[in-house]
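Numbering (the working numbering), first residue to last: 2 to 203.
1. Can you give me the Cβ contacts of residue 18 inside the same chain, cut-off strictly under 7 angstroms, excluding the 5 residues immediately before and after it?
2. Which residue wins for smallest C-alpha separation from residue 28, given the options 38, 106, 115 and 152?
3. Residues in the same chain with beta-carbon distance under 7 angstroms from residue 55, minus the five sequence neighbours each way, listed in chain order, please.
4. Would you mind giving the Cβ-Cβ distance between residue 74 and residue 122, rounded to the nearest angstrom? I have them listed as a contact below 8 angstroms.
5. Using alpha carbons as the reference points, say which of 14, 32, 13 and 137 lies closest to residue 118.
6. Can you give the Cα-Cα distance for residue 24 and residue 53, rounded to whole angstroms?
7. On the three-state DSSP scale, how would you describe residue 30?
8. First and last residue of the alpha helix (DSSP H) that includes residue 16?
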């Protein structure tokens, strides 16, 4: 799906709107990150736009957000714990961080809102910044590049579907769903092995 709202904002504010969308996350533009990425990829087909600047605005915006969140966690961890303890997203993120450690840095990217809160917990738990940056930045690059590429190469098909029921979309949906279930199954199997080893060592 292509967001007409994002397109309108881009026409007014240019590349900066994508930086802002990912830097502010759920506290900024009320459009899911995935939709914004697909829209950015779709817009990058315009010959008058620089796709590298467009993607760079997205990636730098998100990296800025999670880096700030990490250092907020390191500096003000106790205050965050006390203030947001009853928040459901906060609880969900805390459980993911506690149970899965390093893997959580990657898995957290797949969950809206959580992807912006998780770095706070990583900071609270005193993970080294080098370790955080290596894992989180790498996963962020893979996630954003994949979604952006889908928007760039398949975005027109998605857009045309909503305008004229393009027949390409069902095939795209099948491919995406297949990839999702394969990745989900492998991730769950891996997590089970990790948890099994940790219980055995205890």
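Just so you know, even glycine gets a beta-carbon here, dropped at the ideal spot from N, CA and C.
So, to answer that:
1. 10 and 11
2. 115
3. 16, 19, 41, 44 and 45
4. 6 angstroms
5. 137
6. 18 angstroms
7. coil
8. Careful: residue 16 lies outside any alpha helix (DSSP H) and carries neither H nor E.
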